[in-house]
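**Student:** Sharing a structure here in structure tokens format.
There are 4 protein chains.
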Amino acid sequence: MGSFFGQLFRISTFGESHGGAVGVVVEGCPPGFEISLDEIQAELDRRKPGQSKIVTARGEPDTAEIVSGVFEGKSIGTPICIVVRNKDARASDYERWKDIYRPSHADYTYDAKYGIRNWSGGGRASARETIGRVAAGAIAKRILKERLGVEVISWVSRVQNIEARIDGGSVTLADVESNIVRCPDQTVAEKMIELIKGVKSQGDSVGGTVDCVARGVPAGLGDPVFDKLEADLAKAMLSLPASKAFEIGSGMEGTYLKGSEHNDRFVNKNGQVGTTTNRSGGVQGGISNGETIHLRIGFKPVATILMPQQTVNNRGEETELLPRGRHDPCVLPRAVPMVEAMVALVLCDHYLRQLAIRPEGAPLTAWPLSTA
Amino acid sequence: MGSFFGQLFRISTFGESHGGAVGVVVEGCPPGFEISLDEIQAELDRRKPGQSKIVTARGEPDTAEIVSGVFEGKSIGTPICIVVRNKDARASDYERWKDIYRPSHADYTYDAKYGIRNWSGGGRASARETIGRVAAGAIAKRILKERLGVEVISWVSRVQNIEARIDGGSVTLADVESNIVRCPDQTVAEKMIELIKGVKSQGDSVGGTVDCVARGVPAGLGDPVFDKLEADLAKAMLSLPASKAFEIGSGMEGTYLKGSEHNDRFVNKNGQVGTTTNRSGGVQGGISNGETIHLRIGFKPVATILMPQQTVNNRGEETELLPRGRHDPCVLPRAVPMVEAMVALVLCDHYLRQLAIRPEGAPLTAWPLSTA
Amino acid sequence: MGSFFGQLFRISTFGESHGGAVGVVVEGCPPGFEISLDEIQAELDRRKPGQSKIVTARGEPDTAEIVSGVFEGKSIGTPICIVVRNKDARASDYERWKDIYRPSHADYTYDAKYGIRNWSGGGRASARETIGRVAAGAIAKRILKERLGVEVISWVSRVQNIEARIDGGSVTLADVESNIVRCPDQTVAEKMIELIKGVKSQGDSVGGTVDCVARGVPAGLGDPVFDKLEADLAKAMLSLPASKAFEIGSGMEGTYLKGSEHNDRFVNKNGQVGTTTNRSGGVQGGISNGETIHLRIGFKPVATILMPQQTVNNRGEETELLPRGRHDPCVLPRAVPMVEAMVALVLCDHYLRQLAIRPEGAPLTAWPLSTA
Amino acid sequence: MGSFFGQLFRISTFGESHGGAVGVVVEGCPPGFEISLDEIQAELDRRKPGQSKIVTARGEPDTAEIVSGVFEGKSIGTPICIVVRNKDARASDYERWKDIYRPSHADYTYDAKYGIRNWSGGGRASARETIGRVAAGAIAKRILKERLGVEVISWVSRVQNIEARIDGGSVTLADVESNIVRCPDQTVAEKMIELIKGVKSQGDSVGGTVDCVARGVPAGLGDPVFDKLEADLAKAMLSLPASKAFEIGSGMEGTYLKGSEHNDRFVNKNGQVGTTTNRSGGVQGGISNGETIHLRIGFKPVATILMPQQTVNNRGEETELLPRGRHDPCVLPRAVPMVEAMVALVLCDHYLRQLAIRPEGAPLTAWPLSTA
């Protein structure tokens with residue numbers, strides 16, 4: 004059951020890194036939306052390998068094909084299936100490791116769970132699985148933009164100890180895409196790129212953080228008590244490969260403050276209720292409050308490194324893993340579109356859920372003032 | 004749909020803080036388990052208000068009644084409904100605030116979402132809602148213990164800037180329960196208690212972190228790609244009131260390391276695959292690896308403070324919120340049983356899910372060595 | 004997982020016939036609806052035992068209590084929990100049968116599934132479980148009526164071989180409630196009552212059919228391909244105790260016709276698309292077409308009879324079941340409110356699902372003419 | 004949400020009749036099973052058009068491709084995606100009807116629901132959608148056979164008024180496949196074939212019934228109170244195109260009997276509890292009792308007929324639909340594999356659900372005798 008995500012705007016991904024194809028089925032997409040293959044492909048291109056010298060060299064075009072759910076360029080309310088064929092699969096690179104458990108990879112746990120696994124590459128645990136998420140996210144982004152004017156923008160905020168302080172209220176997609184590491188601060192970006200190059204040359208890897216904001220989200224999205232907006236966002240982020248931490252709003256920093264310092268004061272912003280500060284990160288009691296949603300994800304350094312490592316095989320025998328093949332020294336630049344996609348999927352799902360409890364025809368923003 | 008949690012071991016909570024009752028329906032509890040009302044009550048007592056001088060004084064016995072699903076002391080496979088009546092409800096304390104949006108509370112967002120709310124207390128957003136979770140968690144804990152020998156133990160690891168370093172491998176429930184702040188390190192605990200008392204006397208509040216370990220979890224639990232164990236744990240934690248951050252294993256700290264420093268080396272531990280270090284936090288690729296699961300949750304300072312605050316009412320008018328009534332200066336001590344309960348619920352759900360994909364009669368630990 | 008029903012308007016029932024209580028949690032009820040305890044109680048009274056001389060004499064007031072989700076008489080968007088205490092439980096009546104499998108009852112299958120069961124009465128398999136459904140159905144009916152003007156009316160159309168031909172387009176609730184067997188045709192109703200009395204005096208039981216119509220359902224409800232409206236209705240009906248058959252529209256009769264005889268011709272009915280005949284039963288391709296939804300359910304004769312029966316006990320030993328206690332000679336009159344409730348729940352769920360895929364603010368009836 | 008079916012063994016179908024492809028994603032398939040493309044193709048060939056002179060002549064090879072979830076011929080526990088390309092799509096046949104609502108088709112209701120539809124063929128409402136179900140069903144059948152020895156066999160029991168009485172206890176697949184109408188009684192089959200040919204020559208269509216048995220199903224499958232086995236079976240059957248009626252066990256006939264005539268007497272069958280008669284149809288209280296599960300589905304005559312019909316277009320204007328193209332005079336022969344597939348999917352899902360509530364390692368048949 005673990006390959007389904009969302010309740011009303013629901014996606015189901017399929018595919019292994021070296022199987023025939025990876026893809027996604029999107030269910031619940033409202034009818035009548037223009038579904039642009041170009042938009043979807045553009046997002047996949049931001050995610051794909053080989054796009055720059057600081058990511059893995061695996062040569063995959065990641066070309067998307069829409070096989071259902073779209074007619075004359077528009078969604079028709081039926082499941083949208085998008086398929087991406089695996090091209091540059093080098094099973095041979097992996098055959099030597101078929102019995103070996105690579106440290107901090109999922110080889111062992113997949114065996115422990117299923118008793119069998121596709122050892123030719125990361126299989127289902129590979130980041131290739133996220134192709135389906137990114138494709139579906141492109142559709143969700145469009146719906147959010149058209150229907151609500153919502154913008155979802157993500158960027159690399161820290162690589163190891165090189166950090167950038169970015170204003171989530173004004174950052175643009177252009178800023179993010181202006182360099183290969185996807186950090187809107189050019190000066191910091193260059194330092195990050197140098198760091199990653201150095202680490203790559205050592206055959207090592209680094210981690211860091213990705214930030215994401217969603218601007219223009221109307222108040223009222225989120226479904227207490229278990230499907231709180233931050234809860235679904237946290238699940239979405241921790242479902243991404245290599246993620247180890249999640250923060251919303253003031254996050255861990257906020258836990259050092261006192262209530263009198265942390266509370267966000269309410270004010271009237273042109274007839275809408277707003278807050279002067281945003282330590283809540285745009286969510287209160289699990290529901291969006293109309294302010295910018297701001298979250299942060301911590302990604303560990305990639306497990307694949309080009310150094311010899313001691314480990315065991317599937318018979319429990321000690322052995323040495325000899326490095327080989329291609330690797331990503333740092334997942335962060337490619338994680339950016341994945342994060343945006345997952346955030347958009349969560350918001351789109353909760354937007355549809357909110358429509359379902361509103362009086363027919365009532366605008367999402369009718370409450371609360373109009374009912375006061 | 005937001006009041007359901009879990010797939011196979013599924014709970015559904017109901018109730019507002021000042022409504023007639025709060026409670027839970029537990030579905031999917033395997034039949035034949037001894038369901039001990041005493042065990043359930045004991046967990047509720049760890050959560051209940053008025054238990055010590057550093058928590059709110061609201062006088063609630065929080066007495067649980069099991070109204071279904073149990074026969075002659077045992078589960079029978081049908082839904083177990085547990086009801087707890089609200090006793091000490093003082094709507095009058097809240098009437099003056101019925102139109103006012105308390106800063107960093109959910110008053111405004113509930114209005115924004117529903118256009119109506121139970122203003123007599125926190126309503127559904129109150130921590131009283133977690134009573135149902137804690138009651139259900141007591142059952143989940145028992146199943147995990149009886150079936151798998153799993154122990155779930157949580158503690159307060161930091162209050163504002165007062166931190167305790169605890170060994171998750173050896174900490175015991177007795178250590179945790181040895182003081183009212185639920186920090187296993189007595190010396191640090193006293194400092195925490197002093198801090199909270201001081202903050203309380205100022206009518207202010209503080210936040211901090213809670214750690215939780217699950218020991219003895221067999222390898223194989225977790226359901227990639229969306230229901231990864233850490234993803235479901237993150238959702239569970241962020242669904243708790245006042246939580247703002249989640250970390251598993253090395254968490255944010257780990258994002259400063261290189262892959263060569265972060266990877267956990269595999270070794271043979273008496274015929275089972277294990278790791279020498281545990282930066283993965285007991286989870287790899289979304290599936291438990293048999294090592295101790297270790298996570299951390301950041302809780303913000305409670306929004307309720309006994310100081311005047313500027314805010315607006317539901318007509319958008321600026322107004323001042325005058326403090327009044329009872330409050331929790333720090334949620335952490337009472338959050339401990341909530342965290343344990345949610346972790347137990349997630350593990351129990353994934354345990355049942357794992358049973359469903361195993362060959363009939365195959366032990367959970369049969370793989371992978373036996374199939375090598 | 005089997006005690007949940009519905010996706011957006013979702014109910015979860017709990018309770019055994021002789022446990023502490025039975026009840027329901029309703030999730031997804033839109034906020035701001037008047038929730039009338041009287042309306043709910045009125046429906047429960049139509050279902051309750053002891054209401055006439057042709058049903059079981061078990062004396063249960065079936066008094067409903069709303070313990071959550073309602074504030075100042077209105078729904079607030081949170082789970083509505085309704086509890087009904089079991090009063091007239093005579094476990095002693097059943098103790099003698101605790102090891103015996105009553106023919107065509109669920110005693111054996113519950114043991115086979117769970118290995119344990121509440122033998123004091125029908126337990127979870129008792130029709131008392133439907134109390135929660137009927138209570139929730141009362142809320143669903145109100146929403147359908149207020150929001151869409153939909154009427155759901157059910158009646159007893161046949162008892163064994165005594166049949167009534169009723170016009171589903173004009174039948175009223177008053178007609179149905181005008182006699183204790185709930186057949187709108189008074190003459191036929193009297194024959195049915197006589198038949199049931201006769202059967203009861205012999206300690207035997209009879210079955211028959213219940214018809215149900217939903218009038219005023221807008222076109223567009225139903226979710227192909229698996230959650231077709233007729234599919235969800237069929238599931239709802241077959242989930243009722245003693246049901247063995249389901250028909251929609253022309254049902255089995257229609258399978259004897261040719262396509263040229265069966266097709267419903269489309270015409271323009273005051274600007275709306277309608278049909279001249281209604282063999283489709285108001286549903287085409289799994290979606291409502293605006294015509295009256297008409298379905299029929301076949302109920303077998305109740306398994307409880309006051310005659311000695313040969314059977315086996317839980318050790319597989321042949322034994323004789325000696326009759327004792329109270330019994331319902333015919334479930335049909337009490338099944339009427341159950342059927343209405345389940346139909347209302349299905350329609351209400353699909354109404355909310357339809358809202359979720361509509362453009363914000365678009366009326367349900369905007370399509371298709373307005374977009375032509 | 005309507006394109007998902009099942010809880011643990013869950014399928015999600017996608018595709019329109021004239022879109023790029025149709026297919027299915029199977030989630031929850033236990034790992035380690037041999038997945039035979041030949042077996043899957045064989046089932047698709049039983050369903051495909053053009054297979055005989057009494058079905059539509061549309062020339063579709065319906066060739067299946069497995070693109071994920073299988074490694075070295077075995078399931079690996081990840082989603083299995085199967086894709087079938089549409090080849091013989093003649094949109095031109097349909098262009099003339101793009102604005103016209105064909106009587107008793109889903110053209111109008113799809114417009115009413117979605118405001119847009121793929122008019123080039125039946126779109127999502129076409130029976131081509133069932134390709135995904137049949138492919139997934141082939142996998143479910145194999146699991147049921149290997150794990151439990153269950154056989155699922157379906158046949159055409161009646162075409163209009165030509166009926167065959169078949170013994171569900173002994174009928175074989177070979178009997179069913181011995182003629183093109185799939186009725187095990189050769190003499191009756193010939194009459195059916197003649198009837199269909201005659202109807203086809205008139206450009207008309209006929210309906211009838213399909214019966215299905217599942218033999219060897221262990222006691223204990225089914226999940227009261229809403230996911231009763233017969234409830235899920237009824238939903239599965241009514242989700243098939245053109246189905247209008249469902250019966251289990253004695254069905255409608257049984258509603259004419261008295262309880263004393265209808266009850267199935269329990270006896271000891273070689274240490275297992277069994278019944279002398281099977282009016283319950285293998286299910287009691289929503290749970291399988293170990294006897295043969297027997298159900299019947301009524302299919303209306305196909306809506307597509309080659310005769311002129313009066314109807315309206317999407318502007319509400321009266322118009323005449325002129326016949327054209329290919330059509331199925333009778334869906335029954337092709338419905339047989341669809342019915343088997345859906346029954347297998349329901350049983351496989353409930354088998355996995357049952358595993359989840361059993362003590363680890365306990366055989367499905369351990370209860371009740373062993374615990375008595």
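Residue numbers (the working numbering), protein chains in the order written: chain A, 4 to 375; chain B, 4 to 375; chain C, 4 to 375; chain D, 4 to 375. For every residue, glycine included, the Cβ atom is placed at its ideal position computed from N, Cα and C.
1. Roughly how many whole angstroms lie between the Cα atoms of alanine 375 of chain A and isoleucine 103 of chain B?
2. Classify glutamate 294 of chain C: buried if its beta carbon has 16 or more other beta carbons within 10 angstroms, exposed otherwise.
3. So which of D:Ile196, D:Glu149, D:Thr133 has the shortest CA-CA distance to glutamine 3 of chain D?
4. What does asparagine 182 of chain A reach in chain D if we use C-beta pairs closer than 8 Å?
5. Report the rounded CA-to-CA distance for methionine 268 of chain C versus valine 342 of chain D, giving the unit in angstroms.
6. Within the continuous beta strand (DSSP E) that includes aspartate 214 of chain C, where are the two ends?
7. Name, please, each residue of chain A whose Cβ falls closer than 7 Å to the Cβ of glycine 285 of chain B.
8. Answer with buried or exposed for glutamine 313 of chain C, where buried requires no fewer than 16 other C-beta atoms within 10 angstroms of its C-beta.
9. Which residues in chain D sit within 8 Å of histidine 108 of chain C, going by Cβ to Cβ distance?
10. Mind the definition here: the region 183-199 of chain A touches the region 73-84 of chain A only if three or more C-beta pairs lie below 8 Å; say whether that holds.
11. Report yes if the CB atom of glycine 288 of chain B is closer than 7 Å to the CB atom of glycine 135 of chain B, and no otherwise.
12. Taking any Cβ of chain A, which residues in the region 352-364 of chain C have a Cβ under 8 Å from it, in chain order?
13. At the level of alpha carbons, what is the spacing between serine 283 of chain C and histidine 265 of chain C?
14. At a CB-CB cut-off below 7 Å, which residues of chain B make contact with glutamate 2 of chain C?
15. Could you work out which residue in C:Met240, C:Leu348, C:Leu335 is closest to glutamine 10 of chain C when comparing CA atoms only?
16. When the Cα atoms are used, what is the spatial distance from glycine 206 of chain C to glutamate 98 of chain B?
17. Given this structure, state the Cα-to-Cα distance separating asparagine 273 of chain C from asparagine 292 of chain C, to the nearest angstrom.
18. Report the residues of the region 66-83 of chain D with a CB closer than 7 Å to any CB of chain B, ordered along the chain.
19. Does any residue of chain A have a CB that is nearer than 7 Å to the CB of glycine 124 of chain B?
20. Please name the residue, chosen from D:Trp100, D:Asp235, D:Phe17, that lies closest to threonine 133 of chain D on a Cα-to-Cα basis.
21. I need the straight-line Cα distance from proline 362 of chain D to glycine 223 of chain B, nearest angstrom please.
22. Would you please state the rounded distance, in angstroms, between the beta carbons of arginine 376 of chain C and glutamate 154 of chain C? I believe it to be under 8 Å.
23. Determine, for asparagine 121 of chain A, whether the minimum Cβ-Cβ distance to residues of chain D falls below 7 Å.
24. Under a Cβ-count criterion, where at least 16 other Cβ atoms within 10 Å of its own Cβ denotes burial, should alanine 177 of chain C be classed as buried or exposed?
25. Relative to the alpha-carbon of proline 64 of chain B, which residue among B:Val202, B:Leu47, B:Gly201, B:Lys303 has its alpha-carbon at the smallest distance?
26. Using C-beta distances below 8 Å, list every residue in its chain close to proline 371 of chain C, excluding the 5 sequence neighbours before and after it, in chain order.
27. Can the beta-carbon of leucine 309 of chain A be found closer than 7 Å to that of proline 336 of chain A?
28. What do you reckon, are the CB atoms on alanine 139 of chain C and isoleucine 14 of chain C nearer than 7 Å?
29. Give the list of continuous alpha helix (DSSP H) stretches no shorter than 4 residues that lie fully inside the region 73-121 of chain C.
30. Cβ atoms of threonine 258 of chain A and glycine 210 of chain B: under 7 Å apart, would you say?
31. Residues of the region 24-36 of chain B with a CB closer than 8 Å to any CB of chain D: list them in chain order, please.
32. Can you round the beta-carbon distance between serine 246 of chain B and methionine 240 of chain B to whole angstroms, since I take them to be within the 8 Å contact cut?
33. Consult DSSP for isoleucine 360 of chain C and reduce its assignment to one of helix, strand or coil.
34. With DSSP run on the structure shown, which of helix, strand or coil describes histidine 297 of chain D?
35. Quick one: is alanine 60 of chain C buried, meaning 16 or more other Cβ sit within 10 Å of its Cβ, or exposed?
36. Rounded to the nearest angstrom, how far is the Cβ of glutamate 42 of chain D from that of alanine 141 of chain D, given a contact under 8 Å?
**Tutor:** In short, the structure shows the following:
1. Residue confidence for alanine 375 of chain A is low, a pLDDT of 35 falling below 50, so the modelled location carries little weight; the figure read from the coordinates is stated next. In a straight line, the C-alpha of alanine 375 of chain A is about 11 Å away from that of isoleucine 103 of chain B.
2. Buried is the label assigned to glutamate 294 of chain C, since at least 16 other Cβ atoms lie within 10 Å of its Cβ.
3. The question about residue 3 of chain D has no answer here: the residues shown for chain D are numbered 4 through 375.
4. Chain-ordered listing is empty here: chain D has no CB closer than 8 Å to the CB of asparagine 182 of chain A, the nearest sitting near 35 Å.
5. Reading the sequence as shown, one finds arginine at residue 268 of chain C and not methionine. The alpha-carbon atoms of arginine 268 of chain C and valine 342 of chain D are separated by roughly 29 Å.
6. Counting along the chain, the unbroken beta strand (DSSP E) around aspartate 214 of chain C starts and ends at 211-218.
7. From the beta-carbon of glycine 285 of chain B, no residue of chain A is found nearer than 7 Å; the closest lies around 10 Å away.
8. Exposed, by the Cβ-count rule.
9. The answer, in chain order, is Gln287, Gly288.
10. The region 183-199 of chain A vs the region 73-84 of chain A: no contact.
11. Annotated as distal: glycine 288 of chain B and glycine 135 of chain B, with beta-carbon spacing of 7 Å or more.
12. From the region 352-364 of chain C, only Leu355, Arg356, Leu358, Ala359, Ile360, Arg361, Pro362, Glu363, Gly364 have a Cβ closer than 8 Å to chain A.
13. Serine 283 of chain C and histidine 265 of chain C: Cα-Cα distance of roughly 9 Å.
14. Any question about residue 2 of chain C goes unanswered here, given that chain C covers just 4 to 375.
15. For glutamine 10 of chain C, the closest alpha carbon among the candidates C:Met240, C:Leu348, C:Leu335 is that of C:Leu348.
16. CA-CA distance, glycine 206 of chain C to glutamate 98 of chain B, rounds to 60 Å.
17. Whole-angstrom Cα-Cα distance: 15 Å.
18. Those residues of the region 66-83 of chain D that come within reach of chain B (Cβ to Cβ, closer than 7 Å) are Gly80.
19. No Cβ of chain A is located within less than 7 Å of the beta carbon of glycine 124 of chain B.
20. Nearest C-alpha to threonine 133 of chain D: D:Phe17.
21. In a straight line, the C-alpha of proline 362 of chain D is about 17 Å away from that of glycine 223 of chain B.
22. For chain C, the structure presents residues 4 to 375; residue 376 of chain C sits outside this window and is missing.
23. Yes, because at least one Cβ of chain D sits closer than 7 Å to the Cβ of asparagine 121 of chain A.
24. Burial call: exposed.
25. Nearest option by C-alpha distance: B:Leu47.
26. Because proline 371 of chain C carries a pLDDT of 48, less than 50, the predicted location of this residue cannot be relied on, and the following value inherits that uncertainty. So the list reads Val276, once near-sequence residues are dropped.
27. Taking C-beta atoms as the reference points, leucine 309 of chain A and proline 336 of chain A fail to come closer than 7 Å.
28. With contacts defined as CB atoms closer than 7 Å, alanine 139 of chain C and isoleucine 14 of chain C qualify as a contacting pair.
29. If one requires a minimum length of 4 residues, the alpha helix (DSSP H) runs lying completely within the region 73-121 of chain C are 94-98, 110-117, in chain order.
30. Yes, they are a contact pair.
31. If the cut-off is 8 Å between Cβ atoms, the region 24-36 of chain B has Gly31, Pro33, Pro34, Gly35 near chain D.
32. Between serine 246 of chain B and methionine 240 of chain B the beta-carbon gap is near 6 Å, inside 8 Å, which marks them as a contact.
33. DSSP places isoleucine 360 of chain C in helix when its eight states are reduced to three.
34. Three-state DSSP puts histidine 297 of chain D in a strand.
35. Alanine 60 of chain C should be labelled exposed.
36. Contact holds; Cβ gap of about 5 Å.
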